[in-house]
Ligand code: ADP
């Protein structure tokens, strides 16, 4: 058979191989290197030829190497070098690189040679090692922060979780649980809010991130835990396929918060009563004098009409009435501007985020257990207002709605919160509609009056304060006049631009 490849040189073949290769003679000198080897080690063919192989390894390995070489010469065979030990090649620029090396004996014109192949496959080990280190770091950080991790695979309906999560939930296995068991442990009153927050994050147009706080009832010992979770939804072809998150047991913090909140509410009630009584005293004080004067002038005027005195004294009495009434008005005006004294700190913020925070806050104050229907306008511009005050308005409206629905024992209690741009007035417009009993027209007329309440322990300041806050922030707050069922409140806020 004729040699079909006689025009193909040894070097051409050698260079065509993707792996790095060196041809070394019996004295340990490099006689030829292929392109991949030159690239890996950073030499030219001219410089590498004639070098001892020891020059291609770090100093610390050189001393014993000739012994290994001699051992190989006495028993040449195709085998990997180093028997699993880490092998390091030294590049021309002094850099070290981990490599896997294979040795194959060859002979030409009765001279023995060794073909040395170097796999950069050792990179794989380096990556594995880096991964192991980063996992270890993550594990330590997780442990230090008391975090649990979960990963819900929606295609196979399985939640992968770690020991910490399993411990909080009281699960059966440290590795996985079904999504049904995962949700079953969540407090029934908190499931709907959590669900709503997640559903919103599942909108492929959004950021896919969510934050939720809810109670978990440990399946083993029945103990209630508060957990705070942060999660991220992963999408594939426009569909949710994974939900990855971390959870932290925040029970202690929650107990403290609730205690503080309880104390603060009591303080608020006391303070409101105190402020109310002082305000009333101030108003009474300011109005007493003009009212007394008006009454005296009116008597004079009446006498003037019925008696014999001249029209001049009637005129004076009526002028006195007008002046006193104006003085009363002025006093009230001054009082109101005094009460409104103090700069309102405003900032631009995302109203949709504030709505979600208010929802979480309302629930954590013990007013959960309803199904929130969020209709948030995506990418709405920021509003310019005082965030805390807007949150207060929202929490007030939500709390009233929950109280009304609980009071009437409404089944399937739901609150719709809509955030949209009101194009007619170019303002942000929030609607809070509940599925409670609503209000009759008599009550609806009076609900914004201070101290109007129908609740045994209410003080009737919530809505008048909320309206004042909305107005102080440049908006309005009102109730929809008549509705078939449920109360519908609206408020507006200015945009930042
Ligand atoms: P309070 O909650 O202390 O009674 P508010 O000013 O917040 O004070 O509310 C005044 C009254 O308005 C309530 O007592 C209740 O009768 C009525 N109200 C407020 N919100 C609703 C609602 N969503 N559904 C029915 N009634 C409501």
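Numbering (my numbering), first residue to last: 41 to 537. We treat Cβ as the ideally placed atom computed from N, Cα and C, and that holds for glycine. On a predicted model such as this, the values are computed, not experimentally measured, just so you know.
Exposed unless 16 or more other CB atoms sit within 10 angstroms - verdict on residue 44: By the 16-neighbour rule on beta-carbons within 10 angstroms, residue 44 is exposed.
Ordered list of beta strand (DSSP E) runs contained in the stretch 146-213, each at least 3 residues: 151-159, 187-193 and 198-201
Three-state secondary structure assigned by DSSP to residue 281: strand
Reduced DSSP secondary structure (H/G/I, E/B, other) of residue 389: strand
Straight-line gap, residue 139 to residue 66 (C-alpha atoms, nearest Å): 22 Å
Distance cut-off 8 Å: residue 511 Cβ against heavy atoms of ligand 1: Residue 511 Cβ: outside cutoff for every heavy atom of ligand 1.
Residue 513 - containing alpha helix (DSSP H), residue span: According to the DSSP assignment, residue 513 belongs to no alpha helix (DSSP H), since it is labelled neither H nor E.
Neighbourhood of residue 137 by C-beta distance below 6 Å, restricted to the same chain and skipping five residues each side: Once the five neighbours on either side are set aside, the close Cβ partners of residue 137 are 129.
In DSSP terms, what residue 452 is bridged to: Looking at the DSSP assignment, residue 452 forms no beta bridge with any residue, so it has no partner.
Residue 221 beta carbon near ligand 1 (any heavy atom closer than 8 Å): no
Residue 445: first and last residue of the uninterrupted beta strand (DSSP E) it sits in: Unbroken run through residue 445 is the alpha helix (DSSP H), 427-447; no beta strand (DSSP E).
CB-CB length for residue 417 against residue 461, believed under 8 Å: Rounded, the Cβ-Cβ distance is 6 Å, consistent with contact.
Reduced DSSP category for residue 116 - H, G, I as helix; E, B as strand; rest coil: coil
Environment of residue 57 [buried if 16+ CB atoms lie within 10 Å]: exposed
Which residues DSSP lists as bridging residue 495, in chain order: Answer is none; residue 495 lacks a bridge partner.
Residue burial classification, residue 531 (beta-carbon count within 10 angstroms, cutoff 16): Around the beta-carbon of residue 531, 16 or more other beta-carbon atoms lie within 10 Å, marking it buried.
Residue 21 versus residue 260: straight-line alpha-carbon distance, rounded: Outside the shown range of the chain (41 to 537) lies residue 21, about which nothing can therefore be said.
Residue 479 Cβ short of 8 Å to ligand 1 heavy atom set: yes
Residue 529 Cβ short of 8 Å to ligand 1 heavy atom set: yes
Minimum C-alpha distance to residue 218 - residue among 267, 371 and 196: Nearest neighbour of residue 218 by Cα position, chosen from 267, 371 and 196, turns out to be 196.
From 326, 535 and 475, residue whose alpha carbon lies closest to that of residue 9: Beyond the ends of the chain as shown, which are 41 and 537, falls residue 9; an answer cannot be given.
Alpha-carbon to alpha-carbon, residue 401 and residue 490: Taking the straight line from one Cα to the other gives about 25 Å.
Residue 252: CB within 8 Å of a non-hydrogen atom of ligand 1: no
Reference residue 249, options 256, 338 and 241, closest by Cα: 241
Boundaries (first-last residue) of the alpha helix (DSSP H) holding residue 75: 75-81
Cβ contact check for the stretch 224-233 and the stretch 174-187: 3 or more pairs under 8 Å: no
Backbone CA spacing between residue 52 and residue 73 [nearest angstrom]: 11 Å
Classification of residue 526 by the beta-carbon crowding that lies within 10 angstroms, buried from 16 upward: buried
Any non-hydrogen atom of ligand 1 closer than 8 Å to residue 443 Cβ: yes
Minimum C-alpha distance to residue 131 - residue among 83, 91, 123 and 152: 83
Distance between beta carbons of residue 134 and residue 94, contact taken as under 8 Å: Going by Cβ atoms, the distance from residue 94 to residue 134 rounds to 15 Å, so no, they are not a contact pair.
Sufficient close CB pairs (3 or more, under 8 Å) joining the stretch 296-310 to the stretch 197-207: Under the Cβ criterion (8 Å, minimum of three pairs), the stretch 296-310 does not count as touching the stretch 197-207.
Exposure of residue 496, with buried meaning 16 or more beta-carbon neighbours within 10 Å: Exposed is the label assigned to residue 496, since fewer than 16 other Cβ atoms lie within 10 Å of its Cβ.
Paired residues, beta bridge with residue 233 - DSSP: According to DSSP, residue pairing for residue 233 in a beta bridge does not occur.
Spatial distance of residue 472 from residue 256 (CA atoms): Rounded to whole angstroms, the separation of the alpha carbons of residue 256 and residue 472 is 28 Å.
Whole-Å CB distance - residue 439 paired with residue 407, under 8 Å assumed: 5 Å
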